[in-house]
Amino acid sequence: MAEEFRLVSSSIDNQGRLPRQYTQEGQGAKKNISPPLEWYNVPEGTRSLALVVQDIDAPDPNGPIVPWTHWVVVNIPPTIKGLPEGFSRKEEQLGGDYEKIQEGNNDWKVPGWRGPKLPNHGHRFEFKLYALNDELDLGHKVTRDKLLEAIEGHVLAEAVLMAVF
1 MAEEFRLVSS SIDNQGRLPR QYTQEGQGAK KNISPPLEWY NVPEGTRSLA LVVQDIDAPD
61 PNGPIVPWTH WVVVNIPPTI KGLPEGFSRK EEQLGGDYEK IQEGNNDWKV PGWRGPKLPN
121 HGHRFEFKLY ALNDELDLGH KVTRDKLLEA IEGHVLAEAV LMAVF
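Counting in my numbering, the sequence shown runs from 1 upward without gaps.
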């Protein structure tokens with residue numbers, strides 16, 4: 001049996017707190033930085049990976065749940081084993097296989113990572129990585145909805161990391 005496809009972070013324990021530097025509540029330059037992520041046991045036959053990060057308790061844990069998207073990343077080559085801290089909006093600077101990666105719009109309608117700033121804490125953040133049997137062509141404006149529609153029937157496995165803010 002194959003090893004479990006896993007998503008981890010050196011800065012976030014599964015079910016642990018989302019550190020301040022990854023939120024809009026951080027200090028100075030240590031604020032709104034995309035967190036480091038690593039993955040293991042990518043399934044055989046994977047042609048690309050895609051990541052969606054959502055606040056799954058938005059807008060209010062006690063009200064109607066409408067997940068809020070903080071980050072969409074597509075066409076991550078399976079040769080890459082993770083995204084370094086502060087990766088968002090730096091694909092071209094890192095070069096190599098990182099240049100193939102495309103960041104989509106979050107729910108603020110801008111590309112890249114946007115950390116949370118909430119009136120109340122306790123929200124769960126789901127980092128979900130999809131192993132896909134195809135590469136995606138979603139045009140210039142990638143969104144969570146476009147991604148989720150395009151990957152139907154192409155998902156080999158999913159890996160999830162949860163954090164709390």
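Ideal Cβ placement from N, Cα and C applies to all residues, glycine included.
Check K146 in the structure and name its three-state DSSP category. Position 146 of the sequence shown, counting from 1, holds the residue named residue 146. Assignment of K146 by DSSP, reduced to helix, strand and coil, places it in the helix class.
CA-CA distance, V52 and V74? Position 52 of the sequence shown holds residue 52. Position 74 of the sequence shown holds residue 74. Cα-Cα distance, rounded: 9 Å.
If distances are taken between C-alpha atoms only, which option among N14, Q15 and A29 comes closest to Q21? Along the sequence shown, read from residue 1 onward, the residue named residue 21 stands at position 21. Looking at the Cα atoms, A29 is the closest of the given residues.
Determine contact between the region 109 to 125 and the region 145 to 152, defined as no fewer than three beta-carbon pairs at a distance below 8 Å. Fewer than three pairs of CB atoms, one per stretch, sit closer than 8 Å, so the region 109 to 125 makes no contact with the region 145 to 152.
Less than 8 Å between the C-beta atoms of D13 and F125, yes or no? For the purposes of this step, residue 13 is taken as the residue at position 13 of the sequence shown. For the purposes of this step, residue 125 is taken as the residue at position 125 of the sequence shown. No, the pair does not count as a contact, with Cβ atoms beyond the cut-off.
Leaving out five residues before and five after T143 in sequence, what residues of the same chain have Cβ atoms less than 7 Å from its Cβ? As a first step, residue 143 is located in the sequence shown; it is residue number 143 there, counting from the start. Result list for T143: V72, G104 and N105, in chain order.
So the alpha helix (DSSP H) Q93 belongs to, where does it begin and stop? Here the question's residue 93 lines up with position 93 in the sequence shown. Taken as a continuous stretch (DSSP letters only), the alpha helix (DSSP H) holding Q93 covers E91 to L94.
Starting from N75, follow the beta strand (DSSP E) in both directions and report where the run begins and ends. Position 75 of the sequence shown, counted from the start, is the residue given in the question as residue 75. Note, N75: beta strand (DSSP E), W68 to I76.
Leaving aside the five residues before and after G26 along the sequence, list all residues of the same chain whose C-beta is less than 7 Å from its C-beta, in chain order. Numbered from its first residue, the sequence shown carries residue 26 at position 26. If we look at G26 and ignore the five residues flanking it on each side, its Cβ neighbours are R20 and N32.
Where do the N-terminal and C-terminal ends of the beta strand (DSSP E) with A58 fall, by residue? In the sequence shown, counting from the first residue as 1, residue 58 sits at position 58. No beta strand (DSSP E) contains A58, which DSSP labels as neither H nor E.
Three-state secondary structure (DSSP) at Q102? By 1-based counting over the sequence shown, the position of residue 102 is 102. Q102 falls in the strand class under three-state DSSP.
Can you tell me where the beta strand (DSSP E) with W108 in it begins and where it stops? Position 108 of the sequence shown, counted from the start, is the residue given in the question as residue 108. DSSP places W108 outside any beta strand (DSSP E), giving it a letter other than H or E.
Strand pairing of V155, partner residues [DSSP]: Here residue 155 refers to the residue found at position 155 of the sequence shown. V155 pairs with L132.
For K81, which residues does DSSP report across the bridge? The residue you call residue 81 lines up with position 81 of the sequence shown. K81 is not bridged to any residue.
Mind checking which residues open and close the beta strand (DSSP E) that includes Y40? Indexing the sequence shown from 1 puts residue 40 at position 40. Looking at the DSSP string, the run of the beta strand (DSSP E) that includes Y40 is L37 to Y40.
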